[in-house]
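What follows is one structure encoded as C-alpha cells, with my remarks underneath.
2 protein chains.
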Amino acid sequence: MIDGLSKKKYLELKAPDKDDAVSAKERILRELKQEFGKVRMPCTILRMLHPLCEQAEWKLTVTLGWNGQEWEMLCLEQGSTVERHYGICADLGSTTVIVQLVNCHTGEILAQESIYNEQIRFGRDILNRIFYAKDQPDHLEELRLAAVETFWKAFRKLEEKTGISPESYASMVVAGNMTMVHFLIGMDAFCVFSSPYAVWADRPDFLRASELGFSFPGYVYCYPAKANYMGGDIISGIIASGIADREEVSVFLDVGTNGELVIGSRDFLLCGAGAAGPALEGGSVKTGMTAGEGAVQYVKLDGKEFTLDVIGGGTPKGICGSGIVDLIAELFLRGWVDIRGQLVPEASEKIRFLEEEYAVEYAPSLYFYQSDLDEFLNTKAAAFTMVEYMMNLIGLPMDAIGQFLIAGAFGTHICKESAVTIGMYPDLERERLVLPGNTSLKGAYEMLLHRENLEKAEKIIEKMEYVQFGEVEQFIHLMDGARALPHTDLERYPSVQKKLRELGTWC
Amino acid sequence: MIDGLSKKKYLELKAPDKDDAVSAKERILRELKQEFGKVRMPCTILRMLHPLCEQAEWKLTVTLGWNGQEWEMLCLEQGSTVERHYGICADLGSTTVIVQLVNCHTGEILAQESIYNEQIRFGRDILNRIFYAKDQPDHLEELRLAAVETFWKAFRKLEEKTGISPESYASMVVAGNMTMVHFLIGMDAFCVFSSPYAVWADRPDFLRASELGFSFPGYVYCYPAKANYMGGDIISGIIASGIADREEVSVFLDVGTNGELVIGSRDFLLCGAGAAGPALEGGSVKTGMTAGEGAVQYVKLDGKEFTLDVIGGGTPKGICGSGIVDLIAELFLRGWVDIRGQLVPEASEKIRFLEEEYAVEYAPSLYFYQSDLDEFLNTKAAAFTMVEYMMNLIGLPMDAIGQFLIAGAFGTHICKESAVTIGMYPDLERERLVLPGNTSLKGAYEMLLHRENLEKAEKIIEKMEYVQFGEVEQFIHLMDGARALPHTDLERYPSVQKKLRELGTWC
C-alpha cells in the first residue's frame, strides 16, 4: 500500500446551504480531519477557493504534502485528479544526478534521467568544490545554483518525455552524501572534511521546495546522515536494501566516489567508510571510463584472444567498472596475472612493457597497466578488509554473512563470478551475493511512497555505530592479505581454486 | 508572564569538539527541545549557520515563531538580542487601520499608528468594495494590495518613530471583520453578504507573512470569526474584555461600522449583529464628522447657550459621536427635545425651520436636524433593543447586568451620563458602565503576547450562539419603545427622571 509523503484525495462535498453554511475552508478540512488531522491551508489555496469550488460543483481533489509535522494543502483541483499524482526521487551524486519521476498513485516510475552534476565545472573532485566555496559566499551560491540547475535540467528532460511539468510535483526526496546536501541547501561544506568534523546540518528534514529553488509548492525531504562520510545516500541505501529489517547479518557495501560499508541486521548496525571507490569505478584507470557508449563492459579471455562486449556495439574507447572486474578475473584465471596481482609478461605477447611498466592490450591500442591493476587491487583490498575487520569485531566468520550486497552503479553491472574470482566478494553461495543497483535512488523512491520510512531512517541512524578505520592499527596488515588475487589465503575461495584447477592455471 | 506567538531565546553553546561533534543545527535544536519541542529550521537559517555560529563564538539568539502547529526558527543573531523582540498587532477596520508596534520582551507598546484604509478609494462603504471586487480577480487583487499598502504605510511610520524595521517583526496579529480579512488574504467577499452566507474562510489561522505581502519571516495570525457579521474583531474584543472569563453576565456592544452585541459570562455567550453603527459614529449626521481637528466632542447647554469642547480648540467644523450623544442629552434635559425625540421649536430660537425640517444651531452655522435625530435614535433603539431582546431570551432583567461595555472608537469618548440620559446605556450604577476602548486592537495585543488565547478564541467561538435578529418578529415592536428618550418606560431610568425633575424639565 502506498502511504507516501504526498497525498491526493478526491472529495465530493455538499454545496453550502442555509442549514450548513460552513465556510469553504472548514468544509474541506472537516472532510480531511479524520484521515489527516489538522491540515494547513496556505494563502495560495485560500485564494483558489473562489471560483473553483463552485465551478467544480464542490467535487474537488486536494493535494497534501507532509512537512514533517503536519499535512499542508498544496493544490486544489476540479474533479478527480488523484491519478495525476507525481513525485520525484533523486540520487544526488557528485558526478551523476539520477532523477526518477514517479506516479505516486500507482508507484510506477514514469521516467528516469541521469545527468552530470553541473557542479563538475567547479571541480570533478568533491574536495576541489569544497575549497572553491570555502568562506566565499558567492562561490558557494554558484555551487548551490549549479546543483539546482542540474535538477532543473533533469526536470525539463522528464517533462519532454512525459509532458508532466515540474510545477505539478507534489513531493521530492533527495538522497545524497553530506557534502552534496550541504551544497544543495547552500551551506559551506569545509566542515565535512575538517576537524572536529562537526557539520552545519546533517538532518535537513523537510525543506520548502521554493526555498531550494524549485517551482512546486511542496516540500523536499533530504535523507539524514549518520556521519560526515556516512551520508543520506547510505541511510537511503539501508532502507532500500532492507538489511535493518532482517534477522540474518548482511554486508552492505556501497561503491561510489567513496566506499561505505554497513554490516548488520535488525539487531545491530556497524558502519564505516573509506576511500574505496574511484578505482573500482574505473576512475583512476588510465583507459577507464564510465559505463557509456564505447565502454568495454564485459570481457572473456579464451587463453589467447579477448572477446569484448562494448556498450553500443561500436569500437571500444575504454573500459568501465564491470569490464575491469571481468578483465582482471580473466587475466588471473588464465595465468596472465599471478596471485600477487602482477602481470606475467611471458603469458602473452599482448603484455608489453610500455611507459616504464607492463601493460596488457585488452583491445586494439587500449592498455590496462600494472599501475591500474595495483590501484584497483589496493582499493579492492581496502573494501574487503573493511568487511573482514568488521566481521571480526562482531565475532562472526565471513561465511556467516546472510547477504553480501554491493550497491552503486558499479555494483549493478559487474559479473558476480568475476567479482568472486578477484576476491571482491567472499566465496559465498551466489544467491547470497546481491547486486541491488542504485540503492540510494531506490531508498529515495521508498521514502517518497512510504512515509513510515521517516521513522525507520531515524531509528537506523540511532542504531548505527560508526567505526573509524583510520584508527585501526591492524588495518594495513589485514589489507596486505586482501591485496592478493583473490586473497593470500586461497582456502577461503574454494570455487576460485576449482576454476583455476579446471583451467590448469593452478600455480 | 509573556508567552506569546514569537519567542527569542539566548543560547550559550559549547563549540563542537572531538567529543561532541554534533552538527550546528542539532546543537541548537537540542538546546531548544525541552522548551519548544521539535523546532523547524528553514533554509534561510541553515544558510546563516556559517559563519555566524563561529563568529558569535556560539553565543546566539534564536527567534522562534509559532505557526499553529510547531515553532519555526525565524532568525539567528549573534549575542543576546532577546530585548530586541518586536511584534505587531492590528485592528483592521474598513475605515481606519490601527497598528501597534509592541516590544514582546516587555509588553510595552512602542508606537501606534492609525491610518485610513487605502481601500477607501474603492468605496467608503464596504459593500461598494465587495461589488467592485466581485468575480473580478484583478479588482480583488487591487483591494488586497490596498490593504497590504495600508499596513506598509503604517509600518514605515512606525519605523520613522522607533527605528525598528518591518523586517524585524517576529509576529503579527490582525483583528478584522470577515470582509476585511477576506480582502487582506485576497478572497472574494461577496459571500459575506449573500445567501447562504457561506464564506471562503472564517478561520485563516496562521499565514506566512511573505504570502500576505509582508517582509518579515514569520507568521500572521488573523483572528477567527464566529459568523459573517460576527468577525474576528469581535472575538478579539471578547478576549480583551474578559467577559467570557467572568461569572457575572456582561453586555458587550461594539459600535463601529456595524453594531455587534455579545451577552454572556464564562458559562454562555449569545451574540448578534445589526446595522447599528454609522449613525452613532456621526456618519449619517449632516454635519457629522469623525473625531478629529475641529470636531465638537463635548456639549453643555445651560438652557440658553451651548458650551462646546472642540478638538484642537479652534472653530467647530462639525460634530463627532461623543458630541452628538452630549448634544442630544443636553437638548433633552433642557426640554428642547421631547421624550419622543422631536425638536421643540418653542423652546429656543436656536431651533429653526430649515430645508423643510426643524434643526438646532448648536454652533455658528452648524445645525443638527430632526432627521439626524431620528436616524440617531433609530440606531440607538436598534442597539438597545438587541440588548433587551437578548436579556429576555436569557430570562434576566436589565439590572442583572454586571458590566455593560460599549467598545469601539465611538465608545471611548462618550460621556457616560449623556449616554444614559438618551437611553444608550441602561440606568445602571456608573461603575458598571464600561468604555473599554478599541477592544479589537487590545485583543490582538493580548493574542500577540499570550499564546493561550489561541485556544481561548476557539472555545469562545464554540460557545457562542448566534441570534438572527432579522428573524425576530417582535423586534420592531420592541424598538418602538426604545426610540423614545431615554425610553417609553421612563421608570427604567430613575437617574434621568431625577435630573429632569431637578432641572424642572419634567414634562
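Those protein sequences? They're chains X and C, same order as listed.
When we follow the working numbering, the leftmost residue of the first sequence carries the number -9, and every step to the right adds one.
When we follow the working numbering, the leftmost residue of the second sequence carries the number -9, and every step to the right adds one.
Just so it is clear, CB atoms sit at the ideal spot from N, CA and C, and this is done for glycine as well.
- Taking C-beta atoms as the reference points, T71 (chain X) and T96 (chain X) fail to come closer than 9 Å.
- Annotation: Cβ neighbours of S13 (chain C) in chain X (cutoff 7 Å, chain order): A188, V189, W190, A191, D192.
- Neighbours of T53 (chain C) in chain X, taken as residues whose beta carbon is under 7 Å from its own, are absent, since the nearest beta carbon is some 17 Å off.
- R198 (chain C) counts as buried, since no fewer than 16 other beta carbons sit within 10 angstroms of its beta carbon.
- Within chain X, the residues P32, C33 have their CB atoms less than 8 Å from the CB of R198 (chain C), given in chain order.
- Within the same chain, Cβ atoms closer than 8 Å to the Cβ of A5 (chain X) are found at E44, E47, W48, the five residues on either side in sequence being excluded.
- Less than 9 Å divides the Cβ of K151 (chain X) from the Cβ of A101 (chain X).
- Using beta-carbon distances, N57 (chain X) counts as an interface residue toward chain C, with a partner under 9 Å.
- Put simply, the CB of L133 (chain C) is far from chain X, with every gap to its CB atoms at 9 Å or more.
- Only those residues of the region 158 to 180 of chain C whose C-beta falls short of 8 Å from the nearest C-beta of chain X are listed: I175, G176, M177, D178.
- In this structure, the alpha-carbon of P186 (chain X) lies about 50 Å from that of E67 (chain X).
- In this structure, I229 (chain X) keeps its C-beta atom at 9 Å or more from the C-beta atom of V252 (chain X).
- DSSP places T169 (chain X) in the helix class (H, G or I) of the three-state scheme.
- In this structure, DSSP gives S226 (chain C) a helical state, which the three-state scheme calls helix.
- Burial is judged here by how many other beta carbons sit within 10 angstroms of a residue's own beta carbon; N118 (chain C) has fewer than 16 and is exposed.
- For H40 (chain C), the chain X residues whose Cβ falls inside 7 Å of its Cβ are M177, D178, W190, in order along the chain.
- In summary, H467 (chain X) is exposed, with fewer than 16 beta-carbon neighbours lying within 10 Å of its beta-carbon over all protein chains present.
- DSSP places N118 (chain X) in the helix class (H, G or I) of the three-state scheme.
- Neighbours of P6 (chain X) in chain C, taken as residues at a C-beta separation under 7 Å, are given in chain order as P186, A188.
- The distance from the Cβ of G262 (chain X) to that of M170 (chain X) is about 20 Å, inconsistent with a contact at the 8 Å cut-off.
- Apart from sequence neighbours up to five positions away, the residues of its chain that approach G221 (chain C) with a beta-carbon distance below 6 Å are N167, M168, A215, ordered along the chain.
- For R37 (chain C), the chain X residues whose Cβ falls inside 8 Å of its Cβ are I175, G176, M177, in order along the chain.
- When the alpha-carbon of Q109 (chain C) is set against those of C:G176, C:S361, C:L291, the nearest one is in C:G176.
- Taking a Cβ-Cβ threshold of 9 Å, the residues of chain C close to L202 (chain X) are C33, in chain order.
- Counting every other CB atom within 10 Å of its CB across the protein chains shown gives Q458 (chain X) a total below 16, marking it as exposed.
- Relative to the Cα of V300 (chain X), the nearest Cα in the group X:G293, X:I35, X:G311 belongs to X:G311.
- For W61 (chain C), the enclosing beta strand (DSSP E) stretches over residues 61 to 68.
- No Cβ-Cβ contact shorter than 9 Å links D178 (chain X) with E16 (chain C).
- Contact check between the region 288 to 298 of chain X and the region 373 to 390 of chain X: fewer than three CB pairs, one atom from each, fall below 8 Å, which does not count as touching.
- If you draw a 10 Å sphere on the C-beta of T305 (chain C), you find fewer than 16 other C-beta atoms in it, and that means exposed.
- Chain X has a Cβ within less than 9 Å of the Cβ of R17 (chain C).
- Straight-line spacing of the CA atoms in Q24 (chain C) and E455 (chain X) works out to 26 Å.
- Under the DSSP assignment, I391 (chain X) falls outside any beta strand (DSSP E); it carries neither an H nor an E label.
- Distance from the CA atom of V239 (chain X) to the CA atom of N218 (chain X), rounded to whole angstroms, is 24 Å.
- Three or more Cβ pairs closer than 8 Å define a contact, and the region 80 to 96 of chain X falls short of that threshold against the region 54 to 64 of chain X.
- Taking the Cα positions, E347 (chain C) is about 7 Å away from Q360 (chain C).
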